[in-house]
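*Asks:* Got a structure here, written out as structure tokens. Questions coming.
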Amino acid sequence: MMKSPRFDDLLEQPFVQAILDRTVIPGIYNTCDQWCMYCPATARCLAYRCRPAGASDQDPQEIYLNIAARMNEGMKLLRDLNAAEGRTIPELDALIAEHLRTPAKWAPADDPLERLGRRYARVSSSYVASHPEFPFDLRYRPLGPTAFEVFAWYHVLIAVKICRAIASSAAAVRGEKHLWRDALFSAKTALLGIDRSRAALSEMQASDDDVRLPHLQSQLRRLTRELEGRFPEARTITRPGLDVNDA
386 MMKSPRFDDL LEQPFVQAIL DRTVIPGIYN TCDQWCMYCP ATARCLAYRC
436 RPAGASDQDP QEIYLNIAAR MNEGMKLLRD LNAAEGRTIP ELDALIAEHL
486 RTPAKWAPAD DPLERLGRRY ARVSSSYVAS HPEFPFDLRY RPLGPTAFEV
536 FAWYHVLIAV KICRAIASSA AAVRGEKHLW RDALFSAKTA LLGIDRSRAA
586 LSEMQASDDD VRLPHLQSQL RRLTRELEGR FPEARTITRP GLDVNDA
């Protein structure tokens, strides 16, 4: 026989616990590089707190799906609590409806900066796939990741963050002004990924004469120029919990 839900069950639900925690930094997961195993702010991150039970820092996570799943669990528990007391909440049923959780579709960005990022992702992916350490198992290293691990972690993320910066800035121009900060945060994350990738490539070139490495360095230099030109405020914007200790 199924146990009747209790209010305490709702308070123990991960999403509810996280949103009631005043130390959680709103939206920090939108401004980071998602490398949780090296992040000092995981305890203050809603996305980290919403991971599946037993998840490891080494496991790649679909952070937005995790948040949606945990939120859905909480809403269903709240619905069941009300049903047990003879109440129905149509608005809650509507939120739980499957069609409202269908992922949004992004229109392709016809933008030269996005194409530059995508081109870098293609060439770098080719290099990663041909590297003797591929496929590799990323694990936490007390002294920090290797140069190749740094390069591999950011090689697609850079293009993703560039695309998000472009999409958010376009939405801001259309009237969604709050998305301008998201554009700057995304551009900053891309720039930091580029900085770390360039440093990693320099170290890798000392022992690897692959002709693609100088080409990748050149692409990253151009991406830096173009990103800084498009988003001049990105370098100086402060990401709460990441660039400073306090939100």
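Note that the numbering used here has the sequence shown beginning at 386, numbered continuously upward.
Where a beta carbon is used, it is the ideal one built from N, C-alpha and C, also for glycine.
Quick check on the DSSP output: the alpha helix (DSSP H) that includes residue 514 runs from which residue to which?
*Replies:* Looking at the DSSP string, the run of the alpha helix (DSSP H) that includes residue 514 is 497-515.
*Asks:* Consult DSSP for residue 592 and reduce its assignment to one of helix, strand or coil.
*Replies:* coil
*Asks:* Which whole-angstrom value describes the C-beta separation of residue 414 and residue 432, a residue pair presumed to lie in contact below a C-beta threshold of 8 angstroms?
*Replies:* 4 angstroms
*Asks:* Give the secondary structure of residue 622 by DSSP, where H, G and I count as helix, E and B as strand, and everything else as coil.
*Replies:* coil
*Asks:* Between residue 611 and residue 501, is the Cβ-Cβ spacing less than 8 angstroms?
*Replies:* yes
*Asks:* On the three-state DSSP scale, how would you describe residue 482?
*Replies:* The three-state reading of DSSP puts residue 482 in coil, since its state is none of H, G, I, E or B.
*Asks:* Do you know how far the Cα of residue 455 is from the Cα of residue 495?
*Replies:* 34 angstroms
*Asks:* How is residue 613 classed by DSSP in three states: helix, strand or coil?
*Replies:* helix
*Asks:* Between which residues of its own chain and residue 463 is the CB-CB distance below 7 angstroms, once the five residues before and five after are set aside?
*Replies:* 395 and 477
*Asks:* Going by the beta-carbon positions, is the gap between residue 368 and residue 616 smaller than 8 angstroms?
*Replies:* What the structure shows of the chain is the stretch from 386 to 632, and residue 368 is not part of that stretch, so it cannot be assessed.
*Asks:* May I ask you to report which of helix, strand or coil DSSP gives residue 563?
*Replies:* If DSSP states are grouped into helix, strand and coil, residue 563 belongs with coil.
*Asks:* Between which residues of its own chain and residue 572 is the CB-CB distance below 8 angstroms, once the five residues before and five after are set aside?
*Replies:* 546, 547, 550, 612, 615, 616 and 619
*Asks:* Cβ of residue 509 within 8 angstroms of Cβ of residue 601?
*Replies:* yes
*Asks:* Buried or exposed: which applies to residue 604, given that a residue is buried once 16 or more other Cβ atoms fall within 10 Å of its Cβ?
*Replies:* buried
*Asks:* Of all the alpha helix (DSSP H) runs that stay within the bounds of the stretch 389-415, which reach a length of 4 or more residues?
*Replies:* 392-396 and 399-405
*Asks:* Run through DSSP, which three-state label would residue 474 get?
*Replies:* coil
*Asks:* Decide if residue 540 is buried, meaning its Cβ has at least 16 other Cβ atoms within 10 Å, or exposed.
*Replies:* Sixteen is the threshold: when 16 or more other Cβ atoms of the shown chains lie within 10 Å of the Cβ of residue 540, as they do, the residue is buried.
*Asks:* Would you report the Cα separation of residue 589 and residue 532, rounded to the nearest angstrom?
*Replies:* Answer to the nearest angstrom: the Cα atoms are 7 angstroms apart.
*Asks:* Just tell me which of 473, 608 and 594 has its CA closest to the CA of residue 583.
*Replies:* 608
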